[in-house]
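Visitor:
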DNA sequence: AGCACGCCGACT
DNA sequence: GTCGGCGTGCTC
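Residue numbers (my numbering): 2 to 840.
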């Protein structure tokens, strides 16, 4: 602990007070200095969680970032109220990482803290009221009004009430006034209650009391006594069956889970009787939320190609810290990862494996579980907060030396990472868009690895252009795996021209004749089909057949998407929802219908076209629940589904031998997305979906429906010519100044009045123009979605020189400009959002 | 972000 | 008249 204060300080001898700079979970660009009370001085250090008063009454958890002796000059520091732990919840490397992230992604450190800590580790207080014990309504000189009476009556029975409860009680929006009045009348007291959010999982266990577990005679006589009490006897017999104390009396101490009895249909009341009679005792232990699982798979045998790749990786790691592992789908990257993870763990380091959200529910996890057993922690976005806290603590305690997780797992408290792997590194789900910090985990993890002096592998079958570029410029190492594992063959592609079929009237329910024939063939062979539908821009909506009216969100500048379930229309941006109207509000026509190729509609069309087939759909709607995704996968794997329709999700982790046909319904939609990355994404997506077709010995078929079959990209996808595609796209990007040749920063300006939004955006844009760096400024333009949650949005883009400190300088200047803008009276109420590397 | 203070409309 | 709407400013 001494190291905290630096060698120069000797706090024990010092007369001066100690202060702590504390990170608070609020979006304020500052840390806050609090006084460390003498009695805490020895039990506090960097990364400790403390409770402090923040503002007039709020009590919050903060993280100590620095301890020093400089008393703040302009204000009196408040004292730290309490220290929550006897150890550092956050380590110094993490604090450095947070500071870096806040700077790089232009956000506040409190926002990083919020994203990093599971909320179970962030205690906060809630204001509560209670009856003033010295209050006597008969003696009180102040009469209460009707509403105050209601509150007091409620307090008589409930003891304490939160502000919200009071508001609900009276059905009003703001309770402040009444509470104030009650305080003045000395009827109530206000206090802050800190809520402990994390609760450990507790198991009730049963064991025999002495002398029964060591004294056979006592036990035998006990059985005689229970001869006419069959239920109790049954419980004892069950206990002895599970725990043979005759042979091993020492087993009794560990007892038996109470559930064992209740699961076997025995009643709790008989157990209670046995406890009451001193035969059994009940005790509670804290258990993990994660099942103990032992490693079952010992040795991984690598193919020659895999082994070669492994050796190359090791050689390149001697010189480079980051490496791109470019391995085509099915080339067996996982086995290489396992080997490297094992070696890193053996050398005593920790390992982090990042996976995209949707890949984390698949067989990859169970596969790794078999190899690594319980030392592997899983950090999932669908985990409850209690589970997250347990993973966090597991990393702290050393229980988990290896974690596989989604983007937020980069925040776990590793202290000695040796290896970081980002699988499917091209996946866009590594980028957090909202709220701040708007970070790209694939990039941020490189900083994390650098802080730990760890090695990083970026793995993909279709690398992001950034990573590929970095490998070609020798910034990263590069290893290419181009053989399919187990000698499986690549799929065979066929293009199907939508327009040709349409002319000949062969297009049925959006399926071309070729597509329909191939699906039928596959079904006849008892094999399975995947139909891929890009979600972007494909949400179905309602439109009036007569006048063309389309329902729009009241708060955002988007049309509402149609959900068959409940006949509802919803806004994807603000969550607004509404029932589908019976008649068109614009013209009174009754002809309102759904438009758009949503997965729902495709599922329907397929059922009509192939009535004998079992069709299912996999998208956000059907997999929202924790195990929804897994259940669908199991059904599909078991062969209970013939055709699976899905978005993005079906490109991940589906590895079923019986899938021999993959259909891509409208490749053009991916291709013509208005974004410089459209081509790259299209290549990635088509290749990824196609990779699901035909593994092992069966060759798969991929049918791509398009209106423009003669585009170059199709040829490149079909021949798997990633490199040429890359070179061609890169020429464009260089010419038009797009990443990876420049850095992009997006600045959006939001205001509820569109004139003000536009004015503020222009003003800011002009100011940015004066920043002295080499740059190109675009905009300000109305956002792609012009209004969200009643706020009008204007966007500017800055393209900055990659080399040197152009971007650091720009960001720094920008911060200043934003402060200036915030203070400007013409632009009151304007919000600015900075997104670095928005991609 | 929350939360308190302060200044204007629609109700007893 | 006041209740209560939300605009503005601060948090060590």
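Glycine is no exception: its CB is placed at the ideal position from the N, C-alpha and C atoms.
At which residue ranges does the stretch 333-397 contain complete beta strand (DSSP E) runs of 3 or more residues, listed in the order of the chain?
Guide: Segments of the beta strand (DSSP E) lying fully in the stretch 333-397: 351-355 and 377-380.
Visitor: By a C-beta neighbour count over all protein chains shown, 10 Å radius and 16 as the cutoff for buried, is residue 541 buried or exposed?
Guide: Indexing the first chain from 1 puts residue 541 at position 540. It is buried - the Cβ of residue 541 has at least 16 other Cβ atoms within 10 Å.
Visitor: Might you give, ordered along the chain, the residues of its own chain that have their beta carbon closer than 8 Å to the beta carbon of residue 285, omitting 5 neighbours on each side?
Guide: Start at 1 with the first residue of the first chain, and residue 285 comes out as number 284. Taken in chain order, the residues that qualify are 203, 204, 205 and 206.
Visitor: By a C-beta neighbour count over all protein chains shown, 10 Å radius and 16 as the cutoff for buried, is residue 408 buried or exposed?
Guide: For the purposes of this step, residue 408 is taken as the residue at position 407 of the first chain. Answer is buried; the Cβ neighbour count reaches 16.
Visitor: Leaving aside the five residues before and after residue 93 along the sequence, list all residues of the same chain whose C-beta is less than 8 Å from its C-beta, in chain order.
Guide: Here residue 93 corresponds to residue number 92 of the first chain, with the count starting at 1. Here the set comprises 47 and 48.
Visitor: When we look at the beta-carbon of residue 144 and count the other beta-carbons within 10 Å, is it buried (16 or more) or exposed?
Guide: The residue you call residue 144 lines up with position 143 of the first chain. That one is exposed.
Visitor: On the three-pair Cβ rule with 8 Å, is the stretch 666-675 touching the stretch 627-645?
Guide: In short, these stretches do not touch, since the Cβ pair count stays below three.
Visitor: Within its chain, find whatever has a CB closer than 6 Å to the CB of residue 808; leave out the 5 residues flanking it on each side and keep chain order.
Guide: Here residue 808 corresponds to residue number 807 of the first chain, with the count starting at 1. Closer than 6 Å at the Cβ level, and outside the excluded window around residue 808, lie 744 and 801.
Visitor: For the candidate residues 272, 527 and 87, whose alpha-carbon lies nearest to that of residue 398?
Guide: Along the first chain, one-based indexing puts residue 398 at 397. For residue 398, the nearest C-alpha among the options comes from 87.
Visitor: Taking the CB atoms as reference points, tell me whether residue 131 and residue 190 lie closer together than 7 Å.
Guide: As a position in the first chain, residue 131 is number 130, starting the count at 1. As a position in the first chain, residue 190 is number 189, starting the count at 1. Cβ distance < 7 Å, so residue 131 and residue 190 count as in contact.
Visitor: For residue 758, report the span of its alpha helix (DSSP H) as first-last.
Guide: Residue numbering aside, residue 758 sits at position 757 when the first chain is read from its first letter. Segment 755-770, the alpha helix (DSSP H) holding residue 758.
Visitor: Determine the burial state of residue 95: buried for a count of at least 16 other Cβ atoms within 10 Å of its Cβ, exposed for fewer.
Guide: Position 94 of the first chain, counted from the first residue, corresponds to residue 95. Buried: at least 16 other Cβ atoms inside 10 Å.
Visitor: Let's test the definition: count the other Cβ atoms within 10 Å of the Cβ of residue 720 and tell me whether it reaches 16, buried, or not, exposed.
Guide: For this step, residue 720 is matched to residue 719 along the first chain. Exposed, by the Cβ-count rule.
Visitor: Taking the C-alpha atoms as reference points, what is the distance between residue 236 and residue 287?
Guide: On the first chain, position 235 is the one that residue 236 refers to. On the first chain, position 286 is the one that residue 287 refers to. In a straight line, the C-alpha of residue 236 is about 24 Å away from that of residue 287.
Visitor: Does DSSP put residue 623 in a helix, in a strand, or in coil?
Guide: Reading the first chain from its first residue, position 622 is the one you call residue 623. Three-state result, residue 623: coil.
Visitor: Have a look at the DSSP bridge pairing and note the partners of residue 617.
Guide: For the purposes of this step, residue 617 is taken as the residue at position 616 of the first chain. Its beta-bridge partners are 645.
Visitor: Enumerate, from N- to C-terminal direction, the unbroken beta strand (DSSP E) stretches of 3 or more residues contained entirely within the stretch 666-715.
Guide: Listed in chain order, they are 702-707.
Visitor: Please work out which residues of its chain come closer than 6 Å, Cβ to Cβ, to residue 578, disregarding the five sequence neighbours upstream and downstream, and give them in chain order.
Guide: Position 577 of the first chain, counting from 1, holds the residue named residue 578. So the qualifying residues of the chain are 569 and 571.
Visitor: Take residue 20 as the anchor and find which of 65, 136, 60 and 99 has the nearest alpha-carbon.
Guide: Start at 1 with the first residue of the first chain, and residue 20 comes out as number 19. Checked all of 65, 136, 60 and 99; the closest Cα to residue 20 is 65.
Visitor: DSSP beta-bridge partners for residue 193?
Guide: Position 192 of the first chain, counted from the first residue, corresponds to residue 193. BP columns for residue 193 point to 128.
Visitor: Determine whether the beta carbon atoms of residue 163 and residue 129 lie at a separation below 7 Å.
Guide: Residue mapping note: residue 163 aligns to position 162 of the first chain, counting from 1. Residue mapping note: residue 129 aligns to position 128 of the first chain, counting from 1. Contact flag set, yes.
Visitor: Does the distance from the C-beta atom of residue 693 to that of residue 646 stay below 7 Å?
Guide: Locating residue 693 in the first chain gives position 692, where the first residue counts as 1. Locating residue 646 in the first chain gives position 645, where the first residue counts as 1. The answer is no: Cβ separation not under 7 Å.
Visitor: Beta strand (DSSP E) containing residue 313: first to last residue?
Guide: By one-based count along the first chain, residue 313 stands at place 312. Careful: residue 313 lies outside any beta strand (DSSP E), inside the alpha helix (DSSP H) at 305-318.
Visitor: Quick one: what's got a C-beta closer than 8 Å to residue 575's C-beta in the same chain, skipping five residues either side?
Guide: In the first chain, residue 575 corresponds to position 574, counting from 1. 554, 556, 557, 789 and 790.
Visitor: What do you get for residue 776, buried or exposed, if any count of 16 or more other CB atoms within 10 angstroms of its CB means buried?
Guide: Here residue 776 refers to the residue found at position 775 of the first chain. Result: buried.
Visitor: Fully enclosed by the stretch 487-535, which beta strand (DSSP E) runs are 3 residues long or longer?
Guide: For the stretch 487-535, whole beta strand (DSSP E) runs of length 3 or above, ordered along the chain, are 493-498 and 529-533.
Visitor: Does the contact criterion of 3 or more C-beta pairs under 8 Å hold for the stretch 614-624 versus the stretch 633-651?
Guide: The stretch 614-624 vs the stretch 633-651: in contact.
Visitor: Put residue 774 into one of helix, strand or coil per three-state DSSP.
Guide: One-based indexing of the first chain puts residue 774 at position 773. Of the three classes helix, strand and coil, the one that applies to residue 774 here is coil, per DSSP.
Visitor: Can you tell me which of the three DSSP states residue 43 falls into?
Guide: For this step, residue 43 is matched to residue 42 along the first chain. Here residue 43 sits in helix by DSSP.
Visitor: Using 8 Å for Cβ pairs, my map puts residue 437 next to residue 77. What's the rounded Cβ distance?
Guide: For the purposes of this step, residue 437 is taken as residue 436 along the first chain, with counting starting at 1. For the purposes of this step, residue 77 is taken as residue 76 along the first chain, with counting starting at 1. Between residue 77 and residue 437 the Cβ distance is about 31 Å, and since that is not below 8 Å, they are no contact.
Visitor: Say the cut is 6 Å; is the CB of residue 438 nearer than that to a heavy atom of the ligand NAD?
Guide: Absent from the structure shown: the ligand NAD. Ligands present: none.
Visitor: Measuring only the C-alpha atoms, how far is residue 1 from residue 439?
Guide: Since the displayed the chain opens at 2 and closes at 840, residue 1 lies outside it and no answer follows.
Visitor: Assign residue 787 to one of three DSSP states: helix, strand, or coil.
Guide: Along the first chain, one-based indexing puts residue 787 at 786. Strand, per DSSP.
Visitor: Starting from residue 326 and walking both ways along the beta strand (DSSP E), at which residues does that stretch end?
Guide: In the first chain, residue 326 corresponds to position 325, counting from 1. That run of the beta strand (DSSP E) goes 323-328.
Visitor: Buried or exposed for residue 754, please, with buried defined as at least 16 other CB atoms from any protein chain shown within 10 angstroms of its CB.
Guide: Along the first chain, read from residue 1 onward, the residue named residue 754 stands at position 753. Exposed, since its Cβ has fewer than 16 Cβ neighbours within 10 Å.
Visitor: Going by C-alpha to C-alpha distance, which of 433, 834 and 688 sits closest to residue 840?
Guide: Locating residue 840 in the first chain gives position 839, counting from the first residue. For residue 840, the nearest C-alpha among the options comes from 433.
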